[in-house]
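Written below as C-alpha cells is the structure these notes are about.
Residue numbers (my numbering): 9 to 438.
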C-alpha cells in the first residue's frame with residue numbers, strides 16, 4: 009500500500025519497539041518524532057512475548073557491545089514493548105530520520121506498515137471500487153453492491169479550497185501551514201510560481217483572477233495594509249459572494265471597515281491576526297480572530313480548526329479590543345527590532361539570555377517587509393505618541409548618563425583637591 013501514498017494523501021504508520029529499562033528512555037524515544045514535528049495519534053505498552061524476549065537475548069549475545077551493557081545476563085525476565093501510531097508515511101524524509109534516531113536507542117524496532125488514514129482507499133483497491141460503482145450505476149438491484157460512505161469521505165468534505173491574495177512572506181508561511189489539510193491557490197502581481205510549487209500551492213497570475221476565484225471556499229488577504237484598499241478595488245467583488253474572506257493584518261479595525269464596506273452582504277468576513285511567523289512553533293502561539301460576519305459557521309469553524317489542531321491558542325476578540333490591547337505592544341516590538349537591526353547586535357560566541365532575546369526580536373522584525381511595519385504605523389492612531397515616548401525615554405536616558413558622568417568627574421576632582429590640601433598641611437607641619 010505504501011507505494012500508492014503521496015504527500016496529498018493523509019497517511020499513518022504503525023511501529024513497535026522496545027527500550028532499555030533506563031530513566032527517561034520513553035521520553036527520549038518520543039523526542040525522535042516530536043523534534044521533527046511528526047504528530048503521534050496513539051501509543052500503547054504491552055508485555056513482551058517470550059519469543060521476542062528470547063530473540064533480543066540472542067541478538068544481544070551475538071552483537072555484544074564493549075562493557076557488557078547489553079549482554080544477555082542484563083536483560084530482565086519481564087519487559088514491555090511499545091506500539092506507536094504516527095501521522096505520516098514511513099517514506100517521508102523526516103520519518104526516515106526519526107526511525108534511524110529511534111533505532112540507535114532501541115533493542116528492537118519494526119515497522120508494521122504505512123497505510124492511508126481515515127480508511128481512505130488507494131491504488132488497485134480504489135480503482136476496483138470505482139469500477140464496481142460505475143458498473144452498478146443506474147442498475148436496480150435488491151442488494152446494492154455499491155460501497156457506502158467512508159470516514160475519509162467526510163474528511164474530504166472538510167477539505168477547503170483556499171486562495172491566498174498576495175504571496176509575500178505572510179502568504180508563503182500560511183501556505184506551508186495550510187497545505188497539509190487544504191487545497192491552496194495563490195495570486196500575486198509578481199511571478200511566484202516557484203515559491204508556490206515549493207509550498208504546495210498553485211500559482212495564478214493577477215490577470216487570471218476569474219480562474220483563481222473559481223470554486224474557492226476561503227479567500228485570505230495577506231497583502232500589506234497600505235495595499236488593502238487597492239487590492240479590494242482590483243478584485244471582482246461579485247465573485248466573492250458566498251465565500252469566506254479572511255484578512256490577516258497586524259491591525260483589525262481598519263481592515264474590518266474596508267472589507268465590510270467593499271464586500272457584498274452575502275460574503276462572510278473574518279478578521280485575524282496570527283501572532284507567529286517564520287521559525288516559530290505553532291504550539292501555544294496566539295491566533296486572534298473575530299467572526300465579523302459569518303453565515304456559514306461550519307466553513308468558518310473548519311478553517312479555524314486547522315490552527316486548533318496545530319495547538320495554537322485560539323483567542324476570539326473584537327477588532328476594537330484587539331487594536332486597544334495588542335497593536336501598541338506589537339508596534340513597539342517591531343520598532344525596537346528595526347532600531348536594533350543587525351549592525352547593533354554583532355555575533356558573539358558567548359551571549360546572555362537577554363542578548364539572545366534581543367537578537368530574536370531583531371531577526372523576526374527585519375525579516376518582515378517594511379510595508380507591513382509602515383501599515384502598523386500609519387493606521388495606528390497612537391503610533392506617533394509611542395514614537396514620542398521612545399524619543400523622550402532615549403533623551404531621558406542620555407541625560408541620566410551625562411549626569412552620572414559629570415557626577416563621577418566632579419567626585420574625582422574633589423578627591424584630588426582634598427588630597428592636595430592634605431599634602432599642603434603635611435608640609436607645613438614638617
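Ideal placement from N, C-alpha and C gives every residue a C-beta, glycine not left out.
Quick caveat: nothing in here was measured; it's all calculated off a predicted structure.
- With a cut-off of 8 Å on Cβ pairs, the region 242 to 262 is not in contact with the region 361 to 374, counting fewer than three such pairs.
- A distance below 6 Å between beta-carbons, with the five flanking residues on each side excluded, links residue 295 to the following residues of its chain, in chain order: 282, 315, 320 and 322.
- If you look at residue 111, you'll find it in the alpha helix (DSSP H) that goes 101 to 113.
- For residue 372, no beta strand (DSSP E) segment is defined; the enclosing uninterrupted segment is the alpha helix (DSSP H) at 361 to 374.
- Inclusion of residue 88 and residue 53 in the CB contact set at 7 Å is warranted, their separation being smaller than that value.
- When the beta-carbon positions are compared, residue 192 and residue 209 come within less than 7 Å of each other.
- Note: residue 301 is bridge-paired with 277 in the DSSP secondary-structure output.
- Selection 437, 60, 97 and 231 evaluated against residue 17 yields 97 as nearest (Cα-Cα).
- With a beta-carbon spacing of about 16 Å, residue 240 and residue 259 fall beyond the 8 Å limit used to define contacts.
- In the pairwise beta carbon analysis, the region 296 to 306 is classified as not touching the region 384 to 400: fewer than three pairs are separated by under 8 Å.
- Shown here for residue 267: same chain residues with a beta carbon closer than 7 Å to its own, the five before and five after excluded, namely 253, 255 and 277 in chain order.
- Between residue 113 and residue 37, the CB-CB gap stays under 7 Å.
- Beyond the five residues adjoining it in sequence on each side, residue 34 comes within less than 8 Å, by CB distance, of 27 and 90 in the same chain, given in chain order.
- For residue 257, there is no enclosing beta strand (DSSP E), as DSSP marks it with neither H nor E.
- Scanning 141, 178 and 280 for the CA closest to the CA of residue 263 turns up 280.
- Our two residues, residue 172 and residue 247, have alpha carbons roughly 15 Å apart in a direct line.
- The C-beta distance from residue 168 to residue 190 rounds to 5 Å, short enough to meet the 8 Å contact threshold.
- Annotated as proximal: residue 290 and residue 318, with beta-carbon spacing under 7 Å.
- Straight across, the Cα-Cα distance linking residue 311 with residue 179 is about 16 Å.
- If you check the CB distance, residue 64 and residue 92 do not come in under 7 Å.
- Annotation for residue 186: no beta strand (DSSP E) segment contains it, though the alpha helix (DSSP H) segment containing it runs 177 to 186.
- When secondary structure is reduced to three states using DSSP, residue 223 falls in the coil class, being assigned neither helix nor strand.
- In the three-state DSSP reduction, residue 334 falls in the coil class, being neither helix nor strand.
- Bridge pairing for residue 209: 192 [DSSP].
- The residue from 182, 201, 288 and 304 with its alpha-carbon nearest to that of residue 257 is 182.
- Counting the other Cβ atoms within 10 Å of the Cβ of residue 434 gives fewer than 16, which makes it exposed.
- Within the model, the alpha-carbon separation for residue 121 versus residue 128 is close to 15 Å.
- In the structure shown, residue 118 adopts extended strand secondary structure according to DSSP, grouped into three states.
- With fewer than 16 other Cβ atoms inside 10 Å of its own Cβ, residue 70 counts as exposed.
- Proximity to residue 21 across 123, 117 and 421 peaks at 123, based on C-alpha coordinates.
- With respect to the 7 Å criterion, residue 110 and residue 40 are classified as neighbours on the basis of their beta carbons.
- Burial state of residue 195 is buried, judged by a 10 Å Cβ sphere holding 16 or more other Cβ atoms.
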